[in-house]
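S.K.: Just remember that my numbering sits 121 ahead of the position in the sequence shown, which is counted from 1.
Just dropping this structure here.
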Amino acid sequence: MRLGPGPVALGLLLLLSAAAARAGQVEELHRAPGEHRAEYDREALLGGQEDVDEYVKLDHEEQQKRLRSIIKKIDSDSNGFLTESELSQWIQNSFKHYAMQEAKQQFVEYDKNNDGTVTWDEYNIQMYDRVIDFDENTALDDAEEESFRQLHLKDKKRFEKANQDAGSGLNLEEFIAFEHPEEVDYMTEFVIQEALEEHDKDGDGFVSLEEFLGDYRRDPTASEDPEWILVEKDRFVNDYDKDNDGRLDPQELLSWVVPNNQGIAQEEALHLIDEMDLNGDKKLSEEEILENQDLFLTSEATDYGRQLHDDYFYHDEL
């Protein structure tokens, strides 16, 4: 039995949460500029109090043993030092690994009949405890319900695009493409087109600064734009508009809508070297890392200590 939209507010919240997670938007909320709050990092980013307790249970000798193994793996040229490039690459790999692990876990939870595929109905049941079915051609009068309908239909389109073999549901690889389209080559064009549909209001195939800023209009009584608008304009000009033509082409648009894990990883690598490089050689030795073990374990480099519990990262035979 298919139910109508029902209590939209909860559904909208769930859909927005899922969309944000799939977009992979990584925000460095854990520290202000120049500040590294290790205690907050550990509690907020180990994944909950249970994981914090597990971390604490490891004795110092076992922590260092596993940490040495991780250091060895990060050191791709085996010269005994970790460079900015090696740390950055490792952090990016860590981001991707845990995103894929999360998607695999979700796949099992969504596959209600354990047949190795996730159907659209199964996805809805897991997300909303019921199957939601909107008419694609009929807008709803209520603004909140219409927003929910639009987001739900976008999810459905992405689901259908991820389904390469046109089967009744998504296999694991297709489900990963649905959850993390930014990680899968065949979804790139879809990600771009979805972004253009949302932001390219005049249909010229580009996103102007005005379209980038959305519905913002300056207060006629204000002498200048608010700080957040100045920040967004700076990002548009200096981060995204690479050819300086005042608009974002599809590839430039992709750098906006897909999170720049490379930039985040590089920033964290530089932060670690700045904080832990005792002799000023712009790289980290094993001794420097072990001397600053707490800082290193609360970094994205070890995914906030979670790698200590993951054989994929620290096991010597891998």
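Note that beta-carbon positions come from the ideal geometry of N, C-alpha and C, so glycine has one too.
Only a predicted model underlies this, so the values are computations on that prediction, with no experimental measurement involved.
Between which residues of its own chain and N308 is the CB-CB distance below 6 Å, once the five residues before and five after are set aside?
M.R.: A quick correction: the sequence has Met, not Asn, at residue 308. So the list reads A298, P302, once near-sequence residues are dropped.
S.K.: May I have a chain-ordered list of the alpha helix (DSSP H) segments no shorter than 4 residues that lie completely inside the region 261-301?
M.R.: As far as the region 261-301 is concerned, its whole alpha helix (DSSP H) runs of at least 4 residues are 264-283, 293-300.
S.K.: Strictly by DSSP, which residues pair up with R368?
M.R.: Paired residues: S329.
S.K.: Return yes when the Cβ of F417 is within less than 8 Å of the Cβ of E393, no when it is not.
M.R.: Here the sequence assigns Leu to residue 393, which means Glu is not the residue at that position. Cβ distance < 8 Å, so L393 and F417 count as in contact.
S.K.: Report yes or no: do three or more beta-carbon pairs, one from the region 264-274 and one from the region 332-349, lie closer than 8 Å?
M.R.: Short answer: they don't touch.
S.K.: Roughly how many angstroms lie between the CA atoms of E319 and L374, to the nearest whole one?
M.R.: About 12 Å.
S.K.: Among the candidates D340, I350, S344, whose CA atom is the shortest distance from the CA of L330?
M.R.: L330 has its Cα closest to that of I350, out of D340, I350, S344.
S.K.: I need the straight-line Cα distance from E267 to A260, nearest angstrom please.
M.R.: Rounded to whole angstroms, E267 to A260 spans 6 Å at the Cα level.
S.K.: In whole angstroms, what separates the C-alpha of N359 from that of E205?
M.R.: Answer to the nearest angstrom: the Cα atoms are 23 Å apart.
S.K.: Does F216 come out as helix, strand or coil in the three-state DSSP assignment?
M.R.: It is helical.
S.K.: Can you pull the DSSP bridge partners for L405?
M.R.: DSSP output for L405 lists L203 as bridge partner(s).
S.K.: For V312, does the three-state DSSP call read helix, strand or coil?
M.R.: If DSSP states are grouped into helix, strand and coil, V312 belongs with the helices.
S.K.: Do E409 and L467 count as a contact pair if the criterion is CB distance below 8 Å?
M.R.: Because the chain here runs from 122 to 439, residue 467 falls outside it and cannot be looked at.
S.K.: Spatial neighbours of G288 within its chain, please: C-beta separation below 8 Å, excluding the five flanking residues on both sides.
M.R.: Taken in chain order, the residues that qualify are T238.
S.K.: Do the region 383-391 and the region 364-374 make contact, defined as three or more Cβ pairs closer than 8 Å?
M.R.: Not touching, per the Cβ criterion.
S.K.: Using a threshold of 8 Å, state whether the C-beta atoms of Y244 and Y231 are closer than that.
M.R.: Yes; because the gap between Cβ atoms is below 8 Å, this pair is in contact.
S.K.: Can you check DSSP and say which residues form a bridge with V239?
M.R.: Beta-bridge pairing links V239 to L291.
S.K.: Label G290 either buried or exposed according to how many other C-beta atoms from any shown protein chain fall within 10 Å of its C-beta, with 16 as the threshold for buried.
M.R.: Under this definition G290 is a buried residue.
S.K.: Excluding the 5 residues preceding and the 5 following A159 in the sequence, name in chain order all residues of the same chain whose CB lies nearer than 8 Å to its CB.
M.R.: Its pLDDT being 45, under 50, A159 is placed unreliably in this model, and the coordinates cannot settle the point.
S.K.: Can you name, in chain order, every residue of its own chain whose Cβ lies under 7 Å from the Cβ of E207, other than the five neighbours on each side?
M.R.: Excluding positions up to five away in sequence, the list reads I195, D196, S197.
S.K.: Which value, in whole angstroms, describes the spacing of the CA atoms of E353 and I246?
M.R.: Using only the alpha carbons, I get a separation of about 38 Å.
S.K.: Measuring alpha carbon to alpha carbon, tell me which residue in E300, D180, W211, D346 is nearest E388.
M.R.: The option with the nearest alpha carbon to E388 is W211.
S.K.: Quick one, are the C-beta atoms of L411 and Q185 less than 8 Å apart?
M.R.: For L411 and Q185, yes; Cβs fall inside 8 Å.
S.K.: Quick one, which of E281, E304, W377 has its alpha-carbon nearest L317's?
M.R.: Selected option, being the one with the closest Cα: W377.
S.K.: What three-state label does DSSP hand R339 in the structure shown?
M.R.: Coil, per DSSP.
S.K.: Would a C-beta distance cut-off of 8 Å place F202 and L405 closer than the cut-off?
M.R.: Taking 8 Å as the Cβ cut-off, F202 and L405 qualify as a contacting pair.
S.K.: So what's G324 in DSSP terms, helix, strand or just coil?
M.R.: Here G324 sits in coil by DSSP.
S.K.: Below 8 Å on the Cβ atoms is my guess for W241 versus F280; work out the distance and round it to an integer in Å.
M.R.: Confirmed, about 6 Å.
S.K.: Could you give the DSSP three-state label for S376: helix, strand or coil?
M.R.: Of the three classes helix, strand and coil, the one that applies to S376 here is helix, per DSSP.
S.K.: Within this structure, are the beta carbons of R338 and D346 separated by less than 8 Å?
M.R.: Not a contact, by the Cβ cut-off of 8 Å.
S.K.: Would you report the Cα separation of A343 and E300, rounded to the nearest angstrom?
M.R.: About 42 Å.
S.K.: Taking the alpha carbon of Q213 as the point to measure from, which residue in E304, D323, L293 has its own alpha carbon closest?
M.R.: Ranking the options by Cα distance to Q213, first place goes to E304.
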